[in-house]
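Shown next, in structure tokens, is the structure this report addresses.
Numbering (the working numbering), first residue to last: 188 to 441.
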């Protein structure tokens with residue numbers, strides 16, 4: 188009796204303070220172009236990491252997973268993949284922010300902590316007004332939407348992100364799954380040096396560089412670039428000569 192091969196599901200995790208809408212715009216077009224199932228996660232601001240992990244677990248219960256994430260979401264996706272190697276076919280990590288549990292000098296952690304303090308002191312709309320004045324329009328619009336959606340629990344979500352222990356070099360080196368790393372060369376919150384370090388330390392990884400202008404023009408560049416690099420990795424493995432969790436490799440690669 189013929190069996191229908193399980194469908195690969197792309198699970199997309201947004202970054203700190205962001206939402207499913209931005210994750211969908213970043214990774215959805217590339218997933219759809221390859222005929223893959225797709226789920227963008229709406230994090231619970233009262234349990235960001237747990238809700239993202241739960242979404243990955245739920246997808247893995249149905250079939251193989253391609254985990255994709257932005258910033259904090261990238262770290263969560265990578266950490267989950269390291270613990271579920273038989274369930275994951277690859278990872279796309281976009282805009283990683285840091286390496287190591289000590290985050291005193293991490294720009295993303297500092298930004299999250301300061302923003303949480305300002306929200307508690309000044310309220311949502313005042314902080315949004317300041318954010319919009321100092322951010323490019325595409326980012327200002329995305330954060331205005333997600334911050335309002337996560338209010339009044341947004342400060343707690345930002346605190347959780349600020350305290351997150353990013354993967355160490357040793358943990359990266361032990362994560363033997365195919366990983367595409369996408370970094371922005373002009374992003375001070377997510378330094379390109381971190382993306383370069385991840386790509387150099389992970390056993391099976393490729394790096395793609397973008398600019399914030401490109402990202403603002405079309406967030407889907409993260410997914411398209413990530414899939415391109417992941418395709419190159421998979422094409423170099425024995426796995427690529429067969430099928431990826433039962434799907435033709437061409438379907439995943441595009």
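C-beta: ideal position from N, C-alpha, C; glycine also.
Straight-line CA distance for residue i to residue j?
| i | j | result |
| --- | --- | --- |
| residue 398 | residue 373 | 6 Å |
| residue 157 | residue 422 | Outside the modelled stretch of the chain, which goes from 188 to 441, sits residue 157, for which no answer is possible. |
| residue 208 | residue 281 | 16 Å |
| residue 491 | residue 300 | Residue 491 lies beyond the stretch modelled for the chain, which goes from 188 to 441, so this question has no answer here. |
| residue 308 | residue 211 | 32 Å |
| residue 381 | residue 333 | 25 Å |
| residue 283 | residue 367 | 11 Å |
| residue 292 | residue 193 | 43 Å |
| residue 242 | residue 275 | 13 Å |
| residue 331 | residue 343 | 17 Å |
| residue 352 | residue 328 | 28 Å |
| residue 407 | residue 262 | 19 Å |
| residue 270 | residue 236 | 15 Å |
| residue 255 | residue 286 | 18 Å |
| residue 305 | residue 341 | 11 Å |
Could you have a look at residue i and say whether DSSP puts it in helix, strand or coil?
| i | result |
| --- | --- |
| residue 423 | coil |
| residue 309 | helix |
| residue 276 | strand |
| residue 202 | coil |
| residue 341 | helix |
| residue 404 | helix |
| residue 257 | strand |
| residue 234 | strand |
| residue 217 | helix |
| residue 281 | strand |
Going by beta carbon distance, what residues of the same chain come within less than 7 Å of residue i, once the five residues before and after it are set aside?
| i | result |
| --- | --- |
| residue 246 | 196, 198, 226 and 252 |
| residue 231 | 238 |
| residue 203 | 258, 259, 295, 299, 345 and 348 |
Can you name, in chain order, every residue of its own chain whose Cβ lies under 6 Å from the Cβ of residue i, other than the five neighbours on each side?
| i | result |
| --- | --- |
| residue 277 | 253, 365 and 417 |
| residue 430 | Any reading at residue 430 is ruled out, since the residue's pLDDT is 42, under 50, leaving its predicted position unreliable. |
| residue 390 | 363 |
| residue 350 | none |
| residue 379 | 370 and 372 |
| residue 215 | 225 |
Please report the Cβ distance between residue i and residue j, rounded to the nearest whole angstrom; I am assuming they are in contact, meaning their Cβ atoms lie under 8 Å.
| i | j | result |
| --- | --- | --- |
| residue 323 | residue 403 | 6 Å |
| residue 205 | residue 257 | 7 Å |
| residue 395 | residue 371 | No, residue 395 and residue 371 are not in contact; Cβ-Cβ is about 10 Å, not under 8 Å. |
| residue 393 | residue 360 | That belief does not hold up - the Cβ atoms of residue 393 and residue 360 are roughly 16 Å apart, past 8 Å. |
| residue 265 | residue 354 | 6 Å |
Looking at the strands, I want to know which residues DSSP matches up with residue i.
| i | result |
| --- | --- |
| residue 370 | 396 |
| residue 225 | 197 |
| residue 252 | 196 and 275 |
Just to confirm my understanding: we take residue i, look at its own chain, exclude 5 residues before and 5 after, and list those with CB closer than 8 Å. What are they?
| i | result |
| --- | --- |
| residue 272 | 363 and 364 |
| residue 335 | 311 and 315 |
| residue 356 | 286, 287, 384 and 388 |
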